[in-house]
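Working notes, beginning with the structure itself.
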Amino acid sequence: DTPTGQVADREITAAYDDLDAVREFARQVDVVTFEFENVPAATADAAAALAPVRPSGHVLHVTQHRLREKTFLRDAGFPVTPFRRITSLAELRSALEEFGTPAILKTAGWGYDGKGQVRINSGNEARGAWEALAAGEAVLEAFVDFEREASVVAARGADGLCVSFPMIENSHLRHILDVSVCPARVPPELQHRGEELARRVLERLGVVGVLCVEYFVVRDGGLLINELAPRPHNSGHLTIDGCVSCQFEQQVRAICGLPLGSSELLRPAAMANLLGDLWEGSEPDWPAACADPQVKLHLYGKADARAGRKMGHLTALGQTVEEAANRVIQARERLKPSVNR
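Quick note on the working numbering: the sequence shown kicks off at 9 and runs consecutively.
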């Protein structure tokens, strides 16, 4: 009853480290991909021995580990938040003296939706933060007073050609993506800069498939790369209804060696996530949300609704970004007003 299992011809359910099951799976397909970057390298290697893995295990290796990812970006000349590798409380205190506070301490690997990170507001909080993270290796990032968060979803085909979607503007709530709008409300030159940086990242990593570059838009008008996601991204879900070819179609085209489709934005679009909190007590009022003919509902088919779990999303189109955003937020509020207040 997994979401993809509901539409796949065959489903294999096993632990990631069950390499016999991985090999059984790889023997039955023409190409392997992933929708989650916290897959062990040994799993990707076992699959790659029997079928192409796209994006490659190298891309997975770099992007699933914050320190490797940030080091790759910095060494390649991409703009990133200042950071330091931390392996002890003494190193943390030294880095805090260098960066000042506030600062963000993150686990070096296995982070998702704000997990594995803590904000340090003063040097006195160093010990508590280090002990709370309980990690042998971490990354300390200088705090960025950004104007907004944005992302560019891009695809690179087997022939090396890249196609980017327009920059998307993102709002988070409790470290989880809440609402995305496209195009981002930034100057055209910043849009182009974000798309160009994304293209360069895909080329430098040798990506075949879709990758999302998440940015901080800083107050001086520049961009800093926050993190990479080597897969279709939550912020890009609005491309399903808003673009000629969505990010999922681009992923399939890229990994199967097909020409990439058009990423043209048909109309301004907005996406609102639907978290499991909406199911508390009763089923959400779907007809109320869909009463607006410009709103589309997408449910993922997950079995259990839990607080904070992404269960689906709404997308709305409009003549302007503001109209689309207001439309999708109002539709979500109609699902269960008491939860949204």
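Cβ coordinates follow ideal geometry from the N, Cα and C atoms, glycine included.
Relative to the alpha-carbon of residue i, which residue among the options has its alpha-carbon at the smallest distance?
i      : options                        : result
Leu231 : Ala311, Glu197, Thr21          : Glu197
Ser96  : Asp25, Val260, Ala142          : Ala142
Val329 : Leu274, Arg212, His306, Ala315 : Leu274
Asp293 : Ala55, Asp249, Arg340          : Arg340
Leu283 : Ile20, His183, Gly136          : His183
Ala98  : Leu219, Glu211, Thr12, Trp138  : Trp138
Ser188 : Ala280, Leu81, Arg62           : Ala280
Arg164 : Val37, Glu272, Leu219, Ile176  : Leu219
Val88  : Leu325, Arg193, Glu291, Val221 : Val221
Val235 : Gln259, Leu205, Gln255, Phe256 : Checking the sequence shown, residue 235 turns out to be Glu, not Val. Comparing Cα positions, the closest option is Leu205.
Ala146 : Arg92, Pro267, Gln259          : Arg92
Asn334 : Gly136, Asp300, Asp167         : Asp300
Arg31  : Pro90, Asp53, Gln14            : Asp53
Leu27  : Ala56, Asn46, Phe44            : Ala56
Cys190 : Ala324, Arg76, Pro267          : Ala324
Val216 : Ala311, Gly265, Asn129, Arg76  : Gly265
Asn129 : Gly214, Pro174, Glu149         : Glu149
Val15  : Gly309, Ile337, Lys318         : Gly309
Phe154 : Asp228, Arg239, Val40, Gly250  : Asp228
Leu181 : Gln338, Gln327, Lys318         : Lys318
Based on DSSP bridge pairs, tell me the residues matched to residue i.
i      : result
Lys114 : Gln125, Val147
Val47  : The partner list for Val47 (beta bridge, DSSP) is empty, contrary to what the question assumes.
Arg340 : Partner(s): none; Arg340 has no beta bridge.
Ile233 : Val88, Tyr223
Met279 : Ser188, Thr323
Leu273 : Cys251
Ser179 : Val187
Leu307 : Gly320
Val218 : Ala163
Just curious, the alpha helix (DSSP H) that residue i is in, first and last residue?
i      : result
Phe33  : 27-35
Gly250 : 247-250
Ile263 : 255-263
Leu266 : Run containing Leu266: none; DSSP gives neither H nor E here.
Ala299 : Premise fails: Ala299 is in no alpha helix (DSSP H) and is neither H nor E.
Gly202 : 196-213
Leu286 : First-last for Leu286: undefined, no H or E at that position.
Ala134 : 134-141
Mind reading off the beta-carbon distance from residue i to residue j? Whole number of angstroms is fine, and I expect it under 8 angstroms.
i      : j      : result
Phe42  : Val152 : About 29 angstroms; that fails the 8 angstroms criterion.
Leu343 : Leu286 : 6 angstroms
Gly202 : Ala158 : 7 angstroms
Ala313 : Ala278 : With a Cβ gap of about 23 angstroms, Ala313 and Ala278 do not count as contacting.
Gly124 : Gln72  : Not confirmed; about 12 angstroms, so no contact.
His306 : Ile233 : Not a contact, Cβ separation roughly 28 angstroms.
Gly131 : Leu104 : 5 angstroms
Val209 : Phe86  : 7 angstroms
Asp25  : Pro48  : 6 angstroms
Ala166 : Glu177 : With 8 angstroms as the limit, Ala166 and Glu177 do not qualify as a contact, their Cβ atoms being about 31 angstroms apart.
Val39  : Ala59  : 6 angstroms
Arg212 : Ala84  : 5 angstroms
Gly269 : Glu257 : 6 angstroms
How would you write the range of the beta strand (DSSP E) that residue i sits in, first residue to last?
i      : result
Arg164 : 154-164
Ile20  : No beta strand (DSSP E) holds Ile20; DSSP gives it neither H nor E.
Ser172 : 170-172
Compare the C-beta of residue i against all C-beta atoms of chain B and say whether one is closer than 9 angstroms.
i     : result
Phe42 : The structure shown contains no chain B, having only a single protein chain.
Alpha helix (DSSP H) segments (min. 4 residues) lying fully within the segment 37-99: Within the segment 37-99, complete alpha helix (DSSP H) segments of at least 4 residues are found at 49-56, 65-71, 74-83, given in chain order.
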